[in-house]
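The next block holds one structure in the form of structure tokens; read it before the comments.
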Amino acid sequence: MRATSCNLPDDIRPLFLKLPPEHIVLLKNLLESYEGLAEIRTLDRETGEIVLLALPDTEATLRSVLDSEQPSLAFRYIPTPSSVAADWLLSGAN
């Protein structure tokens, strides 16, 4: 899903996901193996809300990787969560 209330440059594509909290580290390790594909930020570690920050030219590849790993990571795409307000990068707080 595309963010609607984030303070990010237009060329950053946030993808909000919710997954079992114990799978966050698995996703982080997976993304690290694809250097430069996306950055991961944990918004709420207790509920498993995260955001992946991708560039326009990596978004399609990121979605493809995510879709192939969905059964093992058990994530779902979510709308922009309220936990965004607590993240200094996404909320624009200094």
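With our numbering applied, the sequence shown closes on residue 1110, and no number is skipped along the way. We put the beta carbon where it would ideally sit given N, CA and C, even for glycine.
Backbone secondary structure at residue i - three-state DSSP
{"i": "residue 1063", "result": "coil"}
{"i": "residue 1031", "result": "strand"}
{"i": "residue 1058", "result": "strand"}
{"i": "residue 1090", "result": "coil"}
Residue from the options with nearest C-alpha to residue i
{"i": "residue 1033", "options": "1105, 1044, 1050 and 1074", "result": "1044"}
{"i": "residue 1102", "options": "1038, 1088, 1039 and 1060", "result": "1060"}
{"i": "residue 1037", "options": "1054, 1053 and 1058", "result": "1058"}
C-beta contact flag for residue i and residue j at 9 Å
{"i": "residue 1090", "j": "residue 1028", "result": "no"}
{"i": "residue 1099", "j": "residue 1065", "result": "yes"}
{"i": "residue 1077", "j": "residue 1053", "result": "yes"}
8 Å contact criterion, which residue i and residue j should meet: CB distance rounded
{"i": "residue 1081", "j": "residue 1031", "result": "The Cβ separation is near 11 Å, so there is no contact."}
Residue i: CB within 8 Å of a non-hydrogen atom of the ligand HEM
{"i": "residue 1039", "result": "Here there are no bound small molecules, and the ligand HEM is not part of this structure."}
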